[in-house]
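Trainee: Sequential numbering from 1 applies to the sequence shown in our numbering. Glycine included, every Cβ here is placed at the ideal spot set by N, Cα and C. Quick caveat: nothing in here was measured; it's all calculated off a predicted structure. Mind having a look at this structure? Questions to follow.
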Amino acid sequence: VLFEARFAVPQQWPKMTMGVQRGEQKTLVQADTTSDAHRQVAYQTIVDGAVLLKNEKGALPLKAGTKIVMVGKFCDQFKDFTIKQGDVYSGGGSGYVGTDSTITPFKGLQASGASVTLSVGADGAKGAEVAVVCAAAHSEEGWDRKDLVLPEAKELVSALRSQTPAQKIILVGSVPGAVTTEWVGDVDAALMLFEPGEQVGPAVADLLFGKASPGGRLPVSFPEVSEKRFTQEQYPGVCPPPKTWCPDMTANFSEGVLVGYRWNDAKDVPSAFPFGFGLTYTDFKLSNFTVTCSGGQAIVSLDVANVGGRDGEAVPQLYVGFDHLKPAVRQLRGFSKVLVPAGKKAKAAFQLGPADWSFYDEATKGWVSGLSLGDEVHLSVGTSSGDLVWHSKLPAKCSAATS
Numbered sequence: 001v002l003f004e005a006r007f008a009v010p011q012q013w014p015k016m017t018m019g020v021q022r023g024e025q026k027t028l029v030q031a032d033t034t035s036d037a038h039r040q041v042a043y044q045t046i047v048d049g050a051v052l053l054k055n056e057k058g059a060l061p062l063k064a065g066t067k068i069v070m071v072g073k074f075c076d077q078f079k080d081f082t083i084k085q086g087d088v089y090s091g092g093g094s095g096y097v098g099t100d101s102t103i104t105p106f107k108g109l110q111a112s113g114a115s116v117t118l119s120v121g122a123d124g125a126k127g128a129e130v131a132v133v134c135a136a137a138h139s140e141e142g143w144d145r146k147d148l149v150l151p152e153a154k155e156l157v158s159a160l161r162s163q164t165p166a167q168k169i170i171l172v173g174s175v176p177g178a179v180t181t182e183w184v185g186d187v188d189a190a191l192m193l194f195e196p197g198e199q200v201g202p203a204v205a206d207l208l209f210g211k212a213s214p215g216g217r218l219p220v221s222f223p224e225v226s227e228k229r230f231t232q233e234q235y236p237g238v239c240p241p242p243k244t245w246c247p248d249m250t251a252n253f254s255e256g257v258l259v260g261y262r263w264n265d266a267k268d269v270p271s272a273f274p275f276g277f278g279l280t281y282t283d284f285k286l287s288n289f290t291v292t293c294s295g296g297q298a299i300v301s302l303d304v305a306n307v308g309g310r311d312g313e314a315v316p317q318l319y320v321g322f323d324h325l326k327p328a329v330r331q332l333r334g335f336s337k338v339l340v341p342a343g344k345k346a347k348a349a350f351q352l353g354p355a356d357w358s359f360y361d362e363a364t365k366g367w368v369s370g371l372s373l374g375d376e377v378h379l380s381v382g383t384s385s386g387d388l389v390w391h392s393k394l395p396a397k398c399s400a401a402t403s
């Protein structure tokens, strides 16, 4: 849908079912998907989805002329022959498209004119003003990762911090999903990219130096290392004894609706970085919350103030909870990405209706409104599932108009 909205669909796009398409692959799409326009979309997608996890004392963006050593083999490598499907900056599976045009982070910084050198190990960064660590995790369709560790991140960061305690360390991670962040205490800033693809180099260069600002928020919760969410049977699964890891491992998805942040909220166990979390190069304040009713809908409005020194994008999020949603406490029902110039304010609003406080009733095999069963509807707004700054109940006048 995204690409159809930006580029005209070729006239020769076949009008046929997918089953027929599999036998007519040569006639599917004949279009240049390597045009500058397509590359710009790929680049902007990385920037818009980049999640800034940490930025201690304004470590980012870097100042022009900063001398950088990039550390880690994946700073200038996008092929890894231990990967069966995909590559370093792309996942594997039916959606993977092979390319030899990937611009690595190192090449991206070189092209930007930055003062940058490269070292596979930490020893090459002794005495450097800034070390940028490149770490990557990989995932493929049809197979779970063995664990949630970001490979080489802890080892490289710890080695850098030990040899040059005052060094500024920036971690850039390419991840397929949730990872643990046991290394985060030793870095000054951390930037997460979700399978960024071939334009990773230009995007990283612009993000590090502030030509672009990270616009993403976590689509998953990043767990604490000590989190005990799963049984062995749930993840990573079990094998016929005496094996503990095997190709025919069986995982049992028995967690019900308590997936992701819903589990954290229900168990009152904080994430290391919660669903919806993401910093920017500025700061925001949410205020002046109101709830109004109109045409059978409830409208939640608020002001978003940029109280920092740079333009930026805020992402206020609305969560809804009611008794019949249990065991889940609340769930995301809306979010809005709002561009706010430095020192200015903008409005954000969310429209709610019966679907937002309904649940699927297995007994009646249909959707039922919690309001119709006497539930109070609780509204919460914040900057992530773990940082909710406003709570309210749906007013009675809204309940009468929308149940």
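Can you give the Cα-Cα distance for residue 224 and residue 340, rounded to whole angstroms?
Mentor: Taking the sequence shown and counting its residues from 1, one reaches residue 224 at position 224. Taking the sequence shown and counting its residues from 1, one reaches residue 340 at position 340. Taking the straight line from one Cα to the other gives about 32 Å.
Trainee: If you measure between the beta carbons of residue 88 and residue 135, is that distance less than 8 Å?
Mentor: Reading the sequence shown from its first residue, position 88 is the one you call residue 88. Reading the sequence shown from its first residue, position 135 is the one you call residue 135. Taking 8 Å as the Cβ cut-off, residue 88 and residue 135 do not qualify as a contacting pair.
Trainee: Could you pull out every residue in the same chain whose Cβ sits closer than 7 Å to the Cβ of residue 373, ignoring the five residues on either side in sequence?
Mentor: On the sequence shown, position 373 is the one that residue 373 refers to. These residues qualify, in order along the chain: 324.
Trainee: Which residue comes first and which comes last in the alpha helix (DSSP H) that contains residue 154?
Mentor: Residue mapping note: residue 154 aligns to position 154 of the sequence shown, counting from 1. First-last of the alpha helix (DSSP H) with residue 154: 153-163.
Trainee: To the nearest angstrom, how far is it from the Cα of residue 375 to the Cα of residue 322?
Mentor: Sequence index remark: in the sequence shown, residue 375 carries index 375 (1-based). Sequence index remark: in the sequence shown, residue 322 carries index 322 (1-based). Each residue's Cα considered, the two are about 6 Å apart.
Trainee: Below 8 Å, how does it come out for the region 48-56 and the region 264-280: are there three or more Cβ pairs, yes or no?
Mentor: Yes, the region 48-56 touches the region 264-280.
Trainee: Is residue 134 helix, strand or coil when you go by DSSP?
Mentor: By one-based count along the sequence shown, residue 134 stands at place 134. The answer is strand: DSSP assigns residue 134 an E or B state.
Trainee: Assign residue 326 to buried or exposed, taking buried as 16 or more other Cβ atoms, counted over all protein chains shown, within 10 Å of its Cβ.
Mentor: Against the sequence shown, residue 326 aligns to sequence position 326. So residue 326 ends up on the exposed side.
Trainee: At 3 residues or longer, what runs of the beta strand (DSSP E) sit wholly inside the region 337-393?
Mentor: Segments of the beta strand (DSSP E) lying fully in the region 337-393: 338-340, 345-352, 358-361, 366-369, 378-384, 387-393.
Trainee: With DSSP as the reference, please indicate the residues paired to residue 91 in a beta bridge.
Mentor: Here residue 91 refers to the residue found at position 91 when the sequence shown is read from its first residue. Its beta-bridge partners do not exist; DSSP assigns none.
Trainee: Looking only at its own chain, which residues have a Cβ that is under 6 Å from the Cβ of residue 370, when we skip the five neighbours before and after it?
Mentor: Numbered from 1 along the sequence shown, position 370 holds the residue referred to as residue 370. 322, 324, 357, listed in sequence order.
Trainee: Looking only at its own chain, which residues have a Cβ that is under 7 Å from the Cβ of residue 250, when we skip the five neighbours before and after it?
Mentor: Mapped onto the sequence shown, residue 250 falls at position 250. Cβ neighbours of residue 250 beyond the five flanking positions: 237, 238.
Trainee: Can you tell me the Cβ-Cβ gap for residue 266 and residue 212, rounded? I've got them flagged as a contact below 8 Å.
Mentor: Here residue 266 refers to the residue found at position 266 when the sequence shown is read from its first residue. Here residue 212 refers to the residue found at position 212 when the sequence shown is read from its first residue. Contact flag wrong, Cβ pair sits at about 37 Å.
Trainee: Is the separation between the beta-carbon of residue 141 and that of residue 92 shorter than 8 Å?
Mentor: The residue you call residue 141 lines up with position 141 of the sequence shown. The residue you call residue 92 lines up with position 92 of the sequence shown. Contact flag set, yes.
Trainee: With C-beta atoms as the reference, is residue 208 less than 8 Å away from residue 60?
Mentor: Here the question's residue 208 lines up with position 208 in the sequence shown. Here the question's residue 60 lines up with position 60 in the sequence shown. Yes; because the gap between Cβ atoms is below 8 Å, this pair is in contact.
Trainee: Would you call the CB atoms of residue 47 and residue 205 closer than 8 Å?
Mentor: Here residue 47 refers to the residue found at position 47 of the sequence shown. Here residue 205 refers to the residue found at position 205 of the sequence shown. No, Cβ-Cβ distance for residue 47 and residue 205 is not below 8 Å.
Trainee: Can you check which of these residues, 350, 312, 210, is closest to residue 343 by C-alpha distance?
Mentor: If you number the sequence shown from 1, residue 343 lands on position 343. The option with the nearest alpha carbon to residue 343 is 312.
Trainee: I'd like to check one pair, residue 72 with residue 458: are the Cβ atoms closer than 8 Å?
Mentor: It is not possible to answer for residue 458, since the shown part of the chain is limited to 1 through 403.
Trainee: Assuming the contact rule is C-beta atoms closer than 8 Å, residue 169 and residue 184 should be a hit. Round their C-beta distance to whole Å, please.
Mentor: Position 169 of the sequence shown, counted from the first residue, corresponds to residue 169. Position 184 of the sequence shown, counted from the first residue, corresponds to residue 184. Wrong, their Cβ atoms sit about 11 Å apart, outside the cutoff.
Trainee: Between residue 115 and residue 83, how many whole angstroms is the CB-CB distance? I'm expecting something under 8 Å.
Mentor: Translated into the one-based positions of the sequence shown, residue 115 becomes position 115. Translated into the one-based positions of the sequence shown, residue 83 becomes position 83. Not confirmed; about 32 Å, so no contact.
Trainee: Would you mind giving the Cβ-Cβ distance between residue 62 and residue 130, rounded to the nearest angstrom? I have them listed as a contact below 8 Å.
Mentor: Position 62 of the sequence shown, counted from the start, is the residue given in the question as residue 62. Position 130 of the sequence shown, counted from the start, is the residue given in the question as residue 130. About 6 Å; that satisfies the 8 Å criterion.
Trainee: Measuring alpha carbon to alpha carbon, tell me which of 296, 307, 144 ends up nearest residue 247.
Mentor: Residue mapping note: residue 247 aligns to position 247 of the sequence shown, counting from 1. Of the candidates 296, 307, 144, the one whose C-alpha sits nearest the C-alpha of residue 247 is 144.
Trainee: Could you tell me the boundaries of the beta strand (DSSP E) in which residue 319 lies?
Mentor: Here residue 319 is taken as the residue at index 319 of the sequence shown, counted from 1. Its beta strand (DSSP E) spans residues 317-321.
Trainee: How big is the Cα-Cα spacing for residue 318 and residue 260?
Mentor: Translated into the one-based positions of the sequence shown, residue 318 becomes position 318. Translated into the one-based positions of the sequence shown, residue 260 becomes position 260. Between residue 318 and residue 260, the C-alpha separation is close to 16 Å.
Trainee: In chain order, which alpha helix (DSSP H) runs of at least 4 residues are fully inside the region 244-281?
Mentor: Whole alpha helix (DSSP H) segments, 4+ residues: 261-267.
Trainee: Is the beta carbon of residue 275 less than 8 Å from the beta carbon of residue 307?
Mentor: Here the question's residue 275 lines up with position 275 in the sequence shown. Here the question's residue 307 lines up with position 307 in the sequence shown. No, the Cβ-Cβ distance between residue 275 and residue 307 is not below 8 Å.
Trainee: Quick one: Cα of residue 80 to Cα of residue 395, how far?
Mentor: One-based indexing of the sequence shown puts residue 80 at position 80. One-based indexing of the sequence shown puts residue 395 at position 395. Their backbone Cα atoms lie some 56 Å apart in a straight line.
Trainee: For residue 434, which of 152, 258, 345, 43 has the nearest alpha-carbon?
Mentor: As displayed, the chain neither begins before 1 nor continues past 403, which places residue 434 out of reach and without an answer.
Trainee: What does a CB cutoff of less than 8 Å around residue 195 pick up in its chain, not counting 5 residues either side in sequence?
Mentor: Walking along the sequence shown from the start, residue 195 turns up at place 195. 89, 90, 91, 174, 175, 176.
Trainee: Pull up the distance between the alpha-carbon of residue 350 and that of residue 221, whole angstroms please.
Mentor: Position 350 of the sequence shown, counted from the start, is the residue given in the question as residue 350. Position 221 of the sequence shown, counted from the start, is the residue given in the question as residue 221. Using only the alpha carbons, I get a separation of about 23 Å.
Trainee: May I ask you to report which of helix, strand or coil DSSP gives residue 312?
Mentor: Reading the sequence shown from its first residue, position 312 is the one you call residue 312. Reduced to three states, the DSSP call for residue 312 is strand.
Trainee: Pull up the DSSP beta-bridge partners for residue 287, would you.
Mentor: Numbered from 1 along the sequence shown, position 287 holds the residue referred to as residue 287. Its beta-bridge partners are 303.
Trainee: Please report how far the alpha carbon of residue 138 lies from the alpha carbon of residue 117, in whole angstroms.
Mentor: The residue you call residue 138 lines up with position 138 of the sequence shown. The residue you call residue 117 lines up with position 117 of the sequence shown. Distance between the alpha carbons of residue 138 and residue 117 is about 25 Å.
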